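Residue numbers (the UniProt record's numbering): 1 to 585.
Note that the Cβ used here is the ideal one computed from N, Cα and C, for glycine as well.
These numbers were taken from a predicted model, which means no experiment stands behind them.
Some notes on the structure that comes next.
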């Protein structure tokens with residue numbers, strides 16, 4: 001399937017300090033569907049790679065009726081009764097529609113039968129009920145909308161005379177009739193038979209229960225229903241062969257899974273002053289059907305036809321659908337039809353394995369993974385995560401939609417709670433996000449990933465521990481170097497804290513203890529009470545590396561000073577670990 005995005009230049013040169021303008025064109029062929037592509041800009045000089053995500057949506061009409069059921073009540077034979085329904089269009093584009101109902105009996109009439117609803121406006125549709133026979137009538141009128149699925153309206157009416165008065169048909173009885181219609185032998189078996197062979201009726205006595213009849217005496221309503229949906233652009237209009245114009249249209253069906261059906265609409269126009277007959281020849285297009293196959297276009301009018309595609313295998317198929325006018329092959333015009341079938345498929349960055357760096361207990365490690373939708377179907381995804389009591393695994397986002405060729409970034413979070421190795425197997429479920437109307441989602445794709453991670457205890461020590469600063473005079477300052485060593489198997493981001501204790505009887509606060517986690521988070525009075533300062537209270541040490549920082553001791557009174565420096569692991573988001581350990585005394 002060709003991309004609807006095109007751009008004016010494939011390569012070029014930009015002067016120093018200059019600006020280059022690139023024109024991007026968006027020409028969608030399917031209404032109501034979003035498109036996505038990525039534009040990669042490569043600069044060979046410094047090997048920079050710029051990426052621009054482009055997304056577009058083709059707007060279509062949003063047509064709906066003001067009501068779903070219209071009940072005319074009781075009408076005398078030979079009489080007439082009219083009602084109106086409002087056809088509304090809530091989109092910013094005009095909508096072409098065509099009303100279809102049972103025209104053989106002429107019991108229900110509609111006016112207008114075809115027309116155009118302007119953008120953000122409405123149109124009144126007049127329905128007339130004129131029965132001749134004393135029956136209960138039901139007709140499902142279908143409004144076929146170009147660029148959109150159909151809209152249905154149930155028409156109900158009952159005809160009485162002086163001699164015959166059938167029961168009144170009400171909307172509540174219509175719902176009951178529909179529920180029984182789907183479980184009769186003319187459509188589908190009611191339920192699967194639990195035995196393989198079909199038993200004979202000989203010897204069966206009480207196993208067969210009589211059928212329960214609801215509201216006896218109610219005549220079966222006459223019903224004609226159309227269940228077609230689809231849309232396509234306005235290029236599918238044909239002129240009469242008398243004018244000699246042949247403008248082939250292009251019809252692109254939305255991608256579906258093989259074995260499913262998709263629909264599109266086609267508008268046939270007749271600008272002449274005489275009716276024009278047409279005929280679709282679908283024999284040369286396997287899996288493609290048209291409705292109606294043949295018919296007549298009124299003079300100066302148009303007709304909305306529905307095409308159905310049922311691809312049997314994956315791939316892109318191209319057909320030339322002949323449309324014959326005036327029942328002659330010499331007046332045939334051709335429609336270029338493209339049918340696309342594909343399976344749900346994605347490409348995961350780095351394959352199906354994700355490796356986390358060794359993570360300190362109590363901290364959270366992040367890892368970003370990019371997943372690209374490589375099929376032609378818009379997909380809905382959902383992650384299922386395994387449960388583990390010794391670790392916590394999460395992903396953001398958990399579910400959502402991906403357009404064709406769209407790339408989605410997923411952020412994984414891993415938090416170990418026990419010192420061990422982990423092999424976790426999350427699953428990615430995929431299925432089409434926009435299935436055709438009436439299609440059950442029974443096929444999906446499953447990708448199982450393997451996540452390898454390890455939870456360890458961080459190890460941070462000082463080379464010279466304990467450290468004796470000797471005897472100092474009050475008011476003097478002594479600076480020493482301290483070397484920290486990361487002997488663990490993971491990188492450590494840490495924060496240091498100090499505990500001070502002074503042993504002296506004349507001290508106004510004997511045995512004072514002060515703990516500092518971050519000098520920026522404490523008041524100046526507390527900072528002045530501690531006579532040991534550290535050049536860096538936060539830092540990062542890669543695994544099996546060293547870090548040197550300075551400490552400065554400046555006693556303010558006589559006594560025996562004792563300082564203990566503790567360390568506490570911290571992650572990139574600033575979350576501290578639950579425990580802290582002694583580093584230097």
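Mapping the DSSP letters down to three states, classify residue i as helix, strand or coil.
{"i": "residue 174", "result": "helix"}
{"i": "residue 95", "result": "strand"}
{"i": "residue 549", "result": "strand"}
{"i": "residue 10", "result": "coil"}
{"i": "residue 489", "result": "coil"}
{"i": "residue 18", "result": "coil"}
{"i": "residue 78", "result": "coil"}
{"i": "residue 581", "result": "strand"}
{"i": "residue 568", "result": "strand"}
{"i": "residue 372", "result": "strand"}
{"i": "residue 129", "result": "strand"}
{"i": "residue 388", "result": "coil"}
{"i": "residue 477", "result": "coil"}
{"i": "residue 363", "result": "coil"}
{"i": "residue 495", "result": "strand"}
Start and end of the beta strand (DSSP E) containing residue i?
{"i": "residue 81", "result": "81-89"}
{"i": "residue 472", "result": "Here residue 472 belongs to no beta strand (DSSP E), and DSSP marks it neither H nor E."}
{"i": "residue 420", "result": "420-424"}
{"i": "residue 416", "result": "407-416"}
{"i": "residue 146", "result": "Unbroken run through residue 146: none, as it is neither H nor E."}
{"i": "residue 111", "result": "108-111"}
{"i": "residue 114", "result": "114-117"}
{"i": "residue 33", "result": "It is not in any beta strand (DSSP E) - residue 33 carries neither H nor E in the DSSP assignment."}
{"i": "residue 538", "result": "538-541"}
{"i": "residue 25", "result": "24-26"}
{"i": "residue 533", "result": "532-534"}
{"i": "residue 4", "result": "Run containing residue 4: none; DSSP gives neither H nor E here."}
{"i": "residue 462", "result": "460-462"}
{"i": "residue 168", "result": "That residue, residue 168, is in no beta strand (DSSP E); it is neither H nor E in DSSP."}
{"i": "residue 450", "result": "450-456"}
Expressed to the nearest angstrom, what Euclidean distance is found between the alpha-carbon atoms of residue i and residue j?
{"i": "residue 485", "j": "residue 423", "result": "30 Å"}
{"i": "residue 291", "j": "residue 146", "result": "14 Å"}
{"i": "residue 460", "j": "residue 498", "result": "16 Å"}
{"i": "residue 268", "j": "residue 304", "result": "6 Å"}
{"i": "residue 54", "j": "residue 39", "result": "7 Å"}
{"i": "residue 368", "j": "residue 553", "result": "44 Å"}
{"i": "residue 121", "j": "residue 57", "result": "22 Å"}
{"i": "residue 88", "j": "residue 33", "result": "21 Å"}
{"i": "residue 49", "j": "residue 339", "result": "35 Å"}
{"i": "residue 52", "j": "residue 37", "result": "9 Å"}
{"i": "residue 115", "j": "residue 96", "result": "6 Å"}
{"i": "residue 142", "j": "residue 170", "result": "20 Å"}
{"i": "residue 11", "j": "residue 5", "result": "16 Å"}
{"i": "residue 584", "j": "residue 388", "result": "36 Å"}
{"i": "residue 548", "j": "residue 474", "result": "27 Å"}
{"i": "residue 409", "j": "residue 371", "result": "6 Å"}
{"i": "residue 166", "j": "residue 76", "result": "12 Å"}
{"i": "residue 13", "j": "residue 41", "result": "12 Å"}
{"i": "residue 568", "j": "residue 406", "result": "42 Å"}
{"i": "residue 350", "j": "residue 383", "result": "18 Å"}
With a CB to CB cut of under 8 Å and the five nearest residues on each side skipped, what residues in its chain are close to residue i?
{"i": "residue 93", "result": "59, 60, 61, 119, 147"}
{"i": "residue 379", "result": "344, 346, 373, 401, 402, 430, 431, 432, 433"}
{"i": "residue 297", "result": "268, 269, 270, 275, 276, 277, 278, 303"}
{"i": "residue 418", "result": "361, 390, 391, 455"}
{"i": "residue 457", "result": "360, 361, 419, 488"}
{"i": "residue 110", "result": "99, 101, 125, 126, 127, 128, 141"}
{"i": "residue 597", "result": "Any property of residue 597 remains undetermined from this structure, which presents the chain solely from 1 to 585."}
By Cβ distance, which residues of its chain are closer than 7 Å to residue i, with the 5 residues on each side in sequence left out?
{"i": "residue 543", "result": "486, 488, 489, 490, 491"}
{"i": "residue 546", "result": "483, 484, 485"}
{"i": "residue 301", "result": "114, 270"}
{"i": "residue 299", "result": "270, 272, 273, 274, 275"}
Whose C-beta lies closer than 6 Å to the C-beta of residue i among residues of the same chain, with five residues either side of it excluded?
{"i": "residue 353", "result": "450"}
{"i": "residue 107", "result": "131, 137"}
{"i": "residue 23", "result": "8"}
{"i": "residue 385", "result": "393, 426"}
{"i": "residue 541", "result": "486, 492, 547"}
{"i": "residue 318", "result": "338"}
{"i": "residue 358", "result": "454, 456, 489, 490"}
Does any residue of chain D bring its CB to less than 8 Å from the CB of residue i?
{"i": "residue 127", "result": "The structure shown contains no chain D; it holds only a single protein chain."}
| query | Which full runs of the beta strand (DSSP E) of 3+ residues lie inside the region 293-361, going along the chain? | reply | Entirely contained in the region 293-361, the beta strand (DSSP E) runs reaching 3 residues are, in chain order, 294-297, 302-309, 315-325, 328-341, 346-348, 353-355.
| field | Ranges of the beta strand (DSSP E) found wholly within the region 255-292, counting only runs of at least 3 | value | DSSP runs (the beta strand (DSSP E)) wholly in the region 255-292: 262-269, 276-280, 288-291.
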